[in-house]
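Residue 46 in this note's numbering sits at position 42 of the sequence shown; the count goes up by one each step and never skips. Heads up, the beta-carbon is just placed ideally off N, CA and C, and yes, glycines get one too.
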Amino acid sequence: MYFDRRLILIPLLLIPVNAGCNNSTKPTPPIKVGSKTFTESVILGEIVTQLIHSEGVEAEHLRQLGGTRVLWNALLNGDVDVYPEYTGTITQEILAGKNINNEETLKKVLADKGILMSSPLGFNDTYAIGMKKEVAEKLRITRISDLRKHPQLRFGLTNEFMDRGDGWPSLQRSYNLPHKNVRGLDHDLAYRGLESGSIDVTDLYSTDADIRYYDLYVLKDDLKHFPEYNAVLLYRSDLEERAPEAIKAISTLEGKISEEAMIQMNAEAKIDRVPEGVVASDFLRVNLSIDTEPHESTFITRLTHNTL
Numbered sequence: 005m006y007f008d009r010r011l012i013l014i015p016l017l018l019i020p021v022n023a024g025c026n027n028s029t030k031p032t033p034p035i036k037v038g039s040k041t042f043t044e045s046v047i048l049g050e051i052v053t054q055l056i057h058s059e060g061v062e063a064e065h066l067r068q069l070g071g072t073r074v075l076w077n078a079l080l081n082g083d084v085d086v087y088p089e090y091t092g093t094i095t096q097e098i099l100a101g102k103n104i105n106n107e108e109t110l111k112k113v114l115a116d117k118g119i120l121m122s123s124p125l126g127f128n129d130t131y132a133i134g135m136k137k138e139v140a141e142k143l144r145i146t147r148i149s150d151l152r153k154h155p156q157l158r159f160g161l162t163n164e165f166m167d168r169g170d171g172w173p174s175l176q177r178s179y180n181l182p183h184k185n186v187r188g189l190d191h192d193l194a195y196r197g198l199e200s201g202s203i204d205v206t207d208l209y210s211t212d213a214d215i216r217y218y219d220l221y222v223l224k225d226d227l228k229h230f231p232e233y234n235a236v237l238l239y240r241s242d243l244e245e246r247a248p249e250a251i252k253a254i255s256t257l258e259g260k261i262s263e264e265a266m267i268q269m270n271a272e273a274k275i276d277r278v279p280e281g282v283v284a285s286d287f288l289r290v291n292l293s294i295d296t297e298p299h300e301s302t303f304i305t306r307l308t309h310n311t312l
């Protein structure tokens, strides 16, 4: 009897191919850590990325993606899995108008959107208003309300602060400030403007190393306009199922970063020019006894940054 060997050979050749396809699994995508476009956020993003790596989970840091709205929308859309945020920003900007008065309500509103929030990391980075110390002393300005007596002062405020619900518009209303000469600037340019004398007043982050470096005077928020801005981590709720080790890493940071430690890290990165990844690695080694390698952005990270 005649057998066509080709009919036998073809299915035999297909067997290992099909078997390989059935046994193959897609590689687990890395956890995407986001950060905003300022030093402190980048440092915190590096700390989170290195902590997740220390738990044996792949992670990449999408550095300096943009401002609050960019990061929040990226988190909602799944383009980012976790990023550092501040409670005051969440309640006053992201969820403005929701009348959130306590942490329990805040967490519930976030959970309804598929987002979870860590416990506070340990420091409050509230907004503040500052001036060069010699100018404040000369004009006897110690409180934000004192600014009403000096309508000639030139305000140079960060671009995000100009547009935020808890920023300049509401601050001006709260304190009835008469100033008209107000312009938006990049955060770093505002500090340089104070130093050069081109502006007189700017908004600050209370953990900025520049406050000491430029010898600035922080005005008392006598009407308590600014809420607390406790640093937290926002992350997607599906991360608990996808990468429980990442959640373990996130919880490691809760209550571990003091205000003084954050100011020091900001100074190392911004003033001493130490790479943020090295600053993060040093913090983890000294404070949490965790040895990690500084994370460097890859081509893929930069590509994602440019196309997000």
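Checklist entry - By the 10 Å Cβ neighbour count, where 16 or more other Cβ atoms means buried, how is N310 classified, buried or exposed? => result With a pLDDT of 41 at N310, under the threshold of 50, the predicted position of this residue should be treated as unreliable, though the coordinate-derived value follows. With fewer than 16 other Cβ atoms within 10 Å, it is exposed.
Checklist entry - With respect to 7 Å, is the separation between the Cβ of E164 and the closest non-hydrogen atom of the ligand NAP below this value? => result In terms of ligand content, the structure shown is empty, and the ligand NAP therefore cannot be addressed.
Checklist entry - In three-state terms, what does DSSP make of I133? => result strand
Item to check | Rounded separation between N27 and E44 - CA only | outcome: At N27 the pLDDT is 49, less than 50, meaning the model places this residue with poor confidence and gives no usable figure here.
Checklist entry - What three-state label does DSSP hand E64 in the structure shown? => result strand
Checklist entry - The alpha helix (DSSP H) spanning Y195 covers which residue range? => result 191-200
Next on the checklist: So, at 7 Å on beta carbons, what are the nonlocal neighbours of A273 in its own chain, with the 5 sequence-adjacent residues on each side left out?
Outcome noted: Answer for A273: T43, I47, E280, V283, listed in chain order.
Next on the checklist: If contacts are defined as beta-carbon pairs under 8 Å, then L238 and Y87 qualify, I think. What distance do you get, rounded to the angstrom?
Outcome noted: 6 Å
Checklist entry - DSSP beta-bridge partners for M121? => result L238
Checklist entry - Three or more C-beta pairs closer than 8 Å, one from the stretch 112-130 and one from the stretch 229-243: is that the case here? => result The stretch 112-130 makes contact with the stretch 229-243, as at least three CB pairs between them are under 8 Å.
Checklist entry - When the Cα atoms are used, what is the spatial distance from A265 to S210? => result 13 Å
Item to check | Three CB pairs or more closer than 8 Å across the stretch 218-226 and the stretch 136-146 | outcome: yes
Next on the checklist: Assuming L208 and G134 are in contact, meaning their beta carbons sit under 8 Å apart, how far apart are those beta carbons, in whole angstroms?
Outcome noted: 4 Å
Item to check | contact_flag[the stretch 251-267, the stretch 154-162] where n(CB pairs < 8 Å) is 3 or more | outcome: no
Checklist entry - For G197, which residues from the same chain have a beta carbon less than 8 Å from its beta carbon, with the 5 sequence-adjacent residues on both sides left out? => result G160, L189, I203, T206
Checklist entry - Where does the unbroken alpha helix (DSSP H) through G38 begin, and where does it stop? => result Run containing G38: none in the alpha helix (DSSP H); it sits in the beta strand (DSSP E), 35-40.
Next on the checklist: Tell me which residue opens and which closes the alpha helix (DSSP H) that V52 is part of.
Outcome noted: Unbroken alpha helix (DSSP H) run through V52: 43-58.
Checklist entry - Taking contact to mean at least 3 C-beta pairs separated by less than 8 Å, is the stretch 65-75 in contact with the stretch 102-109? => result no
Checklist entry - What do you get for G101, buried or exposed, if any count of 16 or more other CB atoms within 10 angstroms of its CB means buried? => result With fewer than 16 neighbouring CB atoms inside 10 Å of its own CB, G101 falls in the exposed class.
Checklist entry - Looking only at C-alpha atoms, which of W76, L157, V61 sits nearest to Y90? => result W76
Item to check | Member of D286, P182, I251 whose CA lies at the smallest distance from the CA of K153 | outcome: The closest CA to that of K153, considering only D286, P182, I251, is found on P182.
Checklist entry - Near D295, which residues of its chain fall below 7 Å by C-beta distance, leaving aside the five closest residues on each side in sequence? => result These residues qualify, in order along the chain: R289.
Checklist entry - In chain order, which alpha helix (DSSP H) runs of at least 4 residues are fully inside the stretch 204-277? => result 214-217, 243-246, 248-256, 263-274
Checklist entry - Which residue's Cα is closest to the Cα of I119: S241, P298, R277, E263? => result S241
Checklist entry - When you compare only the Cα positions, how much space is there between R9 and P31? => result Bear in mind that a pLDDT of 45 at R9, under 50, signals an unreliable position, so the number given afterwards is only what the model happens to contain. Spanning the two alpha carbons is a distance of roughly 38 Å.
Checklist entry - Once you ignore the five residues that flank K117 on each side, which residues in its own chain have a CB closer than 8 Å to its CB? => result Correct list, in chain order: L80.
Item to check | Where R3 falls, given that 16 or more other Cβ within 10 Å makes a residue buried | outcome: The question about residue 3 has no answer, for the chain in this structure spans 5 to 312.
Next on the checklist: Do T72 and T3 count as a contact pair if the criterion is CB distance below 8 Å?
Outcome noted: Since the first residue shown for the chain is 5 and the last is 312, residue 3 is missing from the structure and cannot be characterised.
Item to check | Between the CA atoms of D150 and E297 - distance to the nearest angstrom | outcome: 48 Å
Checklist entry - Can you check whether the CB of G49 is closer than 8 Å to the CB of E249? => result no
Item to check | Three-state secondary structure assigned by DSSP to N77 | outcome: helix
Item to check | Through-space distance from Q268 to V74, alpha-carbon basis | outcome: If you take the alpha carbons of V74 and Q268, they lie about 27 Å apart.
Item to check | Distance between beta carbons of N185 and R158, contact taken as under 8 Å | outcome: 5 Å
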